[in-house]
Amino acid sequence: MNQLFLFPPAASLEAKGVDQLYFVMLGLSFAILALVFGLIVVFAWRYRAGSGARRSKLPGFYAHEMEIGWTLATLLVFLGIYGWSVEARQVHWAPPHGALNVRVVAKQWMWKFEHPSGAREIDALHLPLGVPVRLDMTSQDVIHSFYVPAFREKQDVLPDRIVTLWFTPSRLGQYAIRCAEYCGTNHSLMGGEVYVVTPAEYARWADRNADRSLPAAGARSFAALGCAGCHEARADLAPRLADLYGSKVALEGNRSVLADDAYLERSILDPRADIVKGYLPIMPSYRGVATPEEVSALVAYLKTMKSGRTP
Amino acid sequence: MTDATFDAVPERSSSAPSYLEDGHTVASWLFTTDHKRIAILYAAGITFFFFIGGAAATLMRLELVTPYANFLSPDEYNRLFTLHGVIMVWFFLIPSIPAVMGNFLLPLMIGARDVAFPRLNLVSWYVYIFGGIVTLYSLVAGGVDTGWTFYTPFSTMFSNSHVLAAAAGIFIAGFSTIATGVNFITTVHTERTEGMTWFRLPLFVWAMYATSIVMVLATPVLAASLLMIVCERLFHLPIFNPDTGGDPLLFQHLFWFYSHPAVYIMILPAMGVVSEIIACFARRQIFGYRFMVYAMIAIAGIGFFVWGHHMFVAGSSNYANLVFSLLSFIVAVPSAIKVFNWTASLYRGRITFEAPMLYALGFVGLFTVGGLTGLFLAMIPIDVHVTDTYFVIAHFHYIMVGGSVSAFFGGLHYWWPKVTGRLYHEGFARFAAILMFFGFNFTFFPQFIMGYAGMPRRYEVYPPVFQIYHVMSSAGASVLAVAYLMPLFYLGWSLLHGERSPPNPWRATGLEWQTSSPPPKQNFLVPPRVAHGPYRYHAEQDPSDLAEIDSGR
Chain D
1 MNQLFLFPPA ASLEAKGVDQ LYFVMLGLSF AILALVFGLI VVFAWRYRAG SGARRSKLPG
61 FYAHEMEIGW TLATLLVFLG IYGWSVEARQ VHWAPPHGAL NVRVVAKQWM WKFEHPSGAR
121 EIDALHLPLG VPVRLDMTSQ DVIHSFYVPA FREKQDVLPD RIVTLWFTPS RLGQYAIRCA
181 EYCGTNHSLM GGEVYVVTPA EYARWADRNA DRSLPAAGAR SFAALGCAGC HEARADLAPR
241 LADLYGSKVA LEGNRSVLAD DAYLERSILD PRADIVKGYL PIMPSYRGVA TPEEVSALVA
301 YLKTMKSGRT P
Chain S
1001 MTDATFDAVP ERSSSAPSYL EDGHTVASWL FTTDHKRIAI LYAAGITFFF FIGGAAATLM
1061 RLELVTPYAN FLSPDEYNRL FTLHGVIMVW FFLIPSIPAV MGNFLLPLMI GARDVAFPRL
1121 NLVSWYVYIF GGIVTLYSLV AGGVDTGWTF YTPFSTMFSN SHVLAAAAGI FIAGFSTIAT
1181 GVNFITTVHT ERTEGMTWFR LPLFVWAMYA TSIVMVLATP VLAASLLMIV CERLFHLPIF
1241 NPDTGGDPLL FQHLFWFYSH PAVYIMILPA MGVVSEIIAC FARRQIFGYR FMVYAMIAIA
1301 GIGFFVWGHH MFVAGSSNYA NLVFSLLSFI VAVPSAIKVF NWTASLYRGR ITFEAPMLYA
1361 LGFVGLFTVG GLTGLFLAMI PIDVHVTDTY FVIAHFHYIM VGGSVSAFFG GLHYWWPKVT
1421 GRLYHEGFAR FAAILMFFGF NFTFFPQFIM GYAGMPRRYE VYPPVFQIYH VMSSAGASVL
1481 AVAYLMPLFY LGWSLLHGER SPPNPWRATG LEWQTSSPPP KQNFLVPPRV AHGPYRYHAE
1541 QDPSDLAEID SGR
């Protein structure tokens, strides 16, 4: 390394704003330091014991008023900086619509990524340039922290919930991923690389590595058809589907049924045939909406759905 | 009656032996209830722990000279930074100025015979030592690898190290802190001598008072959170474990609710020490005495409401982050005011630059850097990038080492003649002070740069681009180590062979100097009566100022 590594590359839209704040704060800090150090040096020299400087009584204003003045001035400057930092973060308030949604699972000591195409990778993350990315992250063990210095983004990854981080890569290249929350023995080795590529390259990569298995296709249909809107988000409207396959389901009319392949398929195509106890008959039929291939993929996916922390 | 000005110091009275001459047996020390002797016991304890914590830091800095694992395994490295943090925070920094200097000086400064509860004071020391022994046991038995922050669920479900013993040791030591806090609060309320009104208290006493309030209110929360860790680890009570419905973030809230105020337990006493030193060596009253008092009270109070800034990326809500960011800016205002006031106190002074003053001026500079970088961390966008990097490490070392430890050494030199009755070698002392200042900056300034460049903390193995900064930092650390070892020798020599000190070698006006050095067991042969403020330095310059000083402005 011949050159001092002072700043990581700024490879996301967010990074530029952070750097701007940082440089302004550096300027302000050096100004304040120069003022304080300058006064200390000047006073130390001028009022050293034995110097001939005048030391008579202080002028009247040099006390209370001054004290109040610099208290208010400091407060105003601080509030100004605060306001600016809040404004700078405002754009980051909620993930943009249509963001590329990548699922992230952290565990001691690796990062696992799953793309919408089903493509999976470990300790490597391919992302398209200029497309907002939304990471839905969880941990299988302790708390980790997903950190890409080049993006100026960091988010702790918790074992009990899905946390979301979003940003827009703005520069092609390869950037380090690090774990920033201490997570045990090999914390310092937990990392990887982000590869920011052109959208076309990303599409080719995602397709080449797509998961073409039936359950994976079903998972995509599950998302595309909006099933999760009720079955995952609204437990009051629709029953949860995890661990459903092979269980005994209580139905309205004091019946019950074994959740086998036929039941799953019937519930998609003719949902009013069996109404789960406690729910209203509001689910529309997907006959003609989902192709027969999609239905069998959905059934295959439902059979793999297990409760647990893995998304 | 003793008139409390520096020109009225009584000569050493042969009829009153000093507290050091009052018994020479081991038992006379171990069973003493004299606040001055207890302060010495604490001094021995924190010195021991300081060098243990320092040794851990030295090993880490050696390991970090290269980007690869050299002589430490990852687990050994993780145990070392945990050891360094636990020992330095709870067994050195928190007791350092309060339990040593506070114990020695608080009663002297308010004209009291002792603290309000002398026996509780001795018990506090034993509890502290017992806590220290339990913690040391956890280290000897194999160490702890959680970091000093004990984050769950790592500490409760995943760590295979001696978390229980370490938590128990800190838990126990916490009672010592609480007892000291209660003792000091009561002492300030009930033991002030005649005429020692609240606004005639030295700023060091105000600092101890504010610190004690934080100690008493915050430490129980630490105890509770450590107890929860023990309960979950030992009895599998579902508190933080998400598998059983617990919440790992709950721990972080509890921990930082204690640990942020704990930062003020470490820095407020330092502010008190520095105020005493600057007034004495600038021969000026402290500029804006009342504002200095209000600022300390404000820091102690608002300090309880900023803990969330440690958790901007932890998974907190955006709204909570905004509030904590705002409050963090507000708590910085009184600190800034104090820096301005110290600087203004030099104006029209008659400044000399003995070792204590060098430390105090170094404190002002380093504390300012630490405070300004604190503003960076209060800003959410910057914090997201630099939290859990070396930027944070540099920031809090500027506050705790550049600030608190500099002030500790400043106070140590300032009150050394008071405590021991001897003088030290001024040349060595100044040299050590300057060496410490440069060694410190050399060690920690590069860490700001590598932090912003993206070097995470708690990494044994790191990307080679950061090596140059780590080499600088380690080189600085070796300078710093020499500077920290120097006082051990010249102060040790002073203790045995140093020239006898006059009662008030600095011609200071604080009440603690209005008795012999070292003081007699009962502190003052005649209870002093106080008629004016603590910083009556203008007298030698312009007597017409005195009326203003005595009015407590």
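Quick mapping for you: the protein sequence lines, in order, are chains D and S.
The numbering used here numbers the first residue of the first sequence as 1 and each following residue consecutively.
The numbering used here numbers the first residue of the second sequence as 1001 and each following residue consecutively.
Beta carbons are placed, not taken as given, at the ideal position from N, Cα and C, and that holds for glycine.
All values reported here derive from a predicted model rather than from experimental measurement.
#1: Among Glu1460(S), Trp1506(S) and Ile1170(S), which has the Cα closest to the Cα of Tyr1137(S)?
#2: Which residues of chain S have a Cβ atom closer than 9 Å to the Cβ of His187(D), listed in chain order?
#3: Using 8 Å for Cβ pairs, my map puts Thr1373(S) next to Val1339(S). What's the rounded Cβ distance?
#4: Looking at C-alpha atoms only, which residue of Cys183(D), Gly192(D) and Ala224(D) is the closest neighbour of Val148(D)?
#5: Should Tyr1347(S) be flagged as near chain D, meaning a C-beta pair shorter than 7 Å?
#6: Going along the chain, which unbroken runs of the beta strand (DSSP E) with 3 or more residues stay wholly within the segment 161-234 of chain D?
#7: Give the DSSP-derived three-state secondary structure of Leu125(D) in the structure shown.
#8: Between Ala1531(S) and Gly1195(S), which are expected to be in contact by the criterion C-beta below 8 Å, what is the C-beta distance as a whole number of angstroms?
#9: Name the chain D residues whose beta carbon is nearer than 8 Å to that of Leu1120(S)?
#10: So which residues on chain D does Gly1169(S) lean against when the C-beta distance must stay under 9 Å?
#11: Along the chain, where does the alpha helix (DSSP H) containing Phe1049(S) start, and where does it finish?
#12: In or out: Met1441(S) buried (at least 16 other Cβ within 10 Å) or exposed?
#13: Where does Lys154(D) sit, in a helix, a strand or coil, going by DSSP?
#14: If you drop the 5 nearest sequence neighbours on each side, which residues of the same chain put their C-beta closer than 6 Å to that of Asp211(D)?
#15: Applying the 10 Å Cβ sphere with the 16-neighbour rule, what's the burial state of Tyr1126(S)?
#16: Counting along the chain, where does the alpha helix (DSSP H) carrying Arg1119(S) start and finish?
#17: Report the neighbours of Gly69(D) on chain S: residues whose CB is nearer than 8 Å to its CB, in chain order.
#18: Name the DSSP bridge partner or partners of Ile1267(S)?
#19: Along chain D, which residues have their Cβ under 7 Å away from the Cβ of Asn1318(S)?
#20: Give the single residue among Thr1343(S), Leu1217(S) and Met1292(S) whose Cα lies nearest to the Cα of Ile1278(S).
#21: How is the beta strand (DSSP E) around Leu100(D) delimited, first residue to last?
#22: Between Gly1303(S) and Pro1261(S), is the Cβ-Cβ spacing less than 7 Å?
#23: Which residues in chain S have a C-beta closer than 8 Å to the C-beta of Lys154(D)? List them in chain order.
#24: Does Gly1147(S) have its Cβ less than 7 Å from a Cβ in chain D?
#25: For Pro1486(S), which residues in the same chain have their Cβ closer than 6 Å to its Cβ, ignoring the five residues on either side in sequence?
#26: Write down every uninterrupted run of the alpha helix (DSSP H) in the segment 1451-1508 of chain S whose length is 4 residues or greater and which is fully enclosed by it, in chain order.
#27: Check for me: the alpha helix (DSSP H) holding Trp1415(S) runs from which residue to which?
#28: List, in chain order, every chain S residue whose beta-carbon is nearer than 7 Å to that of Arg89(D).
#29: Taking the alpha carbon of Asp141(D) as the point to measure from, which residue in Gly184(D), Gln174(D) and Leu125(D) has its own alpha carbon closest?
#30: Distance, Cα to Cα, Leu1366(S) vs Val1405(S)?
#31: Beta-carbon separation of Leu129(D) and Pro169(D) under 7 Å?
#32: Using Cβ-Cβ distances below 8 Å, what residues of the segment 184-214 of chain D are close to chain S?
#33: By DSSP, does Thr1190(S) sit in helix, in strand, or in coil?
#34: Counting only Cβ pairs nearer than 8 Å, list the residues of chain S close to Val24(D).
#35: For Thr1343(S), go through chain D and note every residue whose CB falls closer than 8 Å to its CB, in chain order.
#36: Kindly indicate which residue of Gly50(D), Ala262(D) and Ala180(D) has the alpha-carbon position closest to the one of Glu153(D).
Quick look at the numbers:
#1: The residue labelled residue 1137(S) in the question sits at position 137 within the second sequence. Comparing Cα positions, the closest option is Ile1170(S).
#2: Residue mapping note: residue 187(D) aligns to position 187 of the first sequence, counting from 1. Neighbours of His187(D) across chain S, judged by C-beta separation under 9 Å: Pro1074, Asn1078, Pro1456, Arg1458, Tyr1459 and Glu1460.
#3: Translated into positions along the second sequence, residue 1373(S) becomes position 373. Translated into positions along the second sequence, residue 1339(S) becomes position 339. At roughly 14 Å, the Cβ-Cβ gap does not stay under 8 Å, so Thr1373(S) and Val1339(S) are not in contact.
#4: As a working note, residue 148(D) is residue 148 in the first sequence. Minimum Cα distance to Val148(D) is reached at Gly192(D).
#5: Within the second sequence, residue 1347(S) is the residue found at index 347, counting from 1. Residue-level contact check: Tyr1347(S) touches chain D, since one or more beta carbons of chain D fall below 7 Å from its beta carbon.
#6: Whole beta strand (DSSP E) segments, 3+ residues: 163-167, 173-179 and 191-197.
#7: For this step, residue 125(D) is matched to residue 125 along the first sequence. Looking at Leu125(D) - three-state DSSP - the assignment turns out to be strand.
#8: Numbered from 1 along the second sequence, position 531 holds the residue referred to as residue 1531(S). Numbered from 1 along the second sequence, position 195 holds the residue referred to as residue 1195(S). Confirmed, Cβ separation roughly 6 Å.
#9: The residue you call residue 1120(S) lines up with position 120 of the second sequence. By Cβ distance, chain D contributes nothing, its closest Cβ being about 38 Å from Leu1120(S), past 8 Å.
#10: To locate residue 1169(S), count along the second sequence from 1; it is residue 169. Simply none; closest approach about 20 Å.
#11: As a working note, residue 1049(S) is residue 49 in the second sequence. Here the alpha helix (DSSP H) through Phe1049(S) covers His1035 to Glu1063.
#12: Your numbering for residue 1441(S) matches position 441 in the second sequence. One point to set straight first is that residue 1441(S) is Asn, not Met, in the sequence displayed. Asn1441(S) is buried by the Cβ-count criterion.
#13: As a working mapping, residue 154(D) is identified with position 154 in the first sequence. Looking at Lys154(D) - three-state DSSP - the assignment turns out to be strand.
#14: Taking the first sequence and counting its residues from 1, the one referred to as residue 211(D) is at position 211. Listed in chain order, the non-local C-beta contacts of Asp211(D) below 6 Å within the same chain comprise Gly118, local neighbours out to five positions each way being set aside.
#15: The residue given as residue 1126(S) occupies position 126 in the second sequence. Label assigned to Tyr1126(S): exposed.
#16: Against the second sequence, residue 1119(S) aligns to sequence position 119. Run containing Arg1119(S): Pro1118 to Val1140, per the alpha helix (DSSP H) assignment.
#17: Here residue 69(D) refers to the residue found at position 69 when the first sequence is read from its first residue. The CB of Gly69(D) never comes closer than 8 Å to any CB in chain S; the least such distance is about 10 Å.
#18: As a position in the second sequence, residue 1267(S) is number 267, starting the count at 1. The bridge partners DSSP lists for Ile1267(S) come to none.
#19: Here residue 1318(S) refers to the residue found at position 318 when the second sequence is read from its first residue. Those within 7 Å of Asn1318(S) in chain D are Trp93.
#20: Start at 1 with the first residue of the second sequence, and residue 1278(S) comes out as number 278. The residue with the shortest Cα to Cα distance from Ile1278(S) is Thr1343(S).
#21: Indexing the first sequence from 1 puts residue 100(D) at position 100. It spans Leu100 to Lys107 - the beta strand (DSSP E) in which Leu100(D) sits, taken as one unbroken run.
#22: Along the second sequence, one-based indexing puts residue 1303(S) at 303. Along the second sequence, one-based indexing puts residue 1261(S) at 261. Yes. Within cutoff.
#23: Your numbering for residue 154(D) matches position 154 in the first sequence. Proximity of chain S to Lys154(D) at the Cβ level (cut-off 8 Å) is accounted for by Val1313, Val1384, His1385, Thr1387 and Asp1388, in chain order.
#24: Position 147 of the second sequence holds residue 1147(S). Yes - at least one Cβ of chain D is within 7 Å of the one on Gly1147(S).
#25: In the second sequence, counting from the first residue as 1, residue 1486(S) sits at position 486. It should be noted that the sequence gives Met, not Pro, for residue 1486(S). Around Met1486(S), the same chain offers Ala1432 as residues with beta carbons nearer than 6 Å, after the five sequence neighbours per side are excluded.
#26: Taking only runs of at least 4 residues, the alpha helix (DSSP H) segments lying wholly in the segment 1451-1508 of chain S are 1467-1497.
#27: Within the second sequence, the letter at position 415 stands for residue 1415(S). Trp1415(S) -> alpha helix (DSSP H) spans Ser1406 to Thr1420.
#28: Working through the first sequence from its first residue, we reach residue 89(D) at position 89. Those are Ile1380 and Pro1381, listed as they occur along chain S.
#29: One-based indexing of the first sequence puts residue 141(D) at position 141. Nearest C-alpha to Asp141(D): Gly184(D).
#30: In the second sequence, the residue the question calls residue 1366(S) occupies position 366. In the second sequence, the residue the question calls residue 1405(S) occupies position 405. Between Leu1366(S) and Val1405(S), the C-alpha separation is close to 11 Å.
#31: On the first sequence, residue 129(D) is found 129 positions in, with the first residue counted as 1. On the first sequence, residue 169(D) is found 169 positions in, with the first residue counted as 1. Result yes, Cβ atoms of Leu129(D) and Pro169(D) sit closer than 7 Å.
#32: Answer in chain order: Gly184, Thr185, Asn186, His187, Ser188 and Leu189.
#33: Sequence index remark: in the second sequence, residue 1190(S) carries index 190 (1-based). Annotated three-state conformation of Thr1190(S) is helix, per DSSP.
#34: Position 24 of the first sequence holds residue 24(D). Here the premise fails: no neighbours, minimum Cβ distance about 10 Å.
#35: The residue labelled residue 1343(S) in the question sits at position 343 within the second sequence. The answer, in chain order, is Val36, Leu39, Ile40 and Phe43.
#36: Sequence index remark: in the first sequence, residue 153(D) carries index 153 (1-based). Cα-wise, what sits closest to Glu153(D) is Ala180(D).
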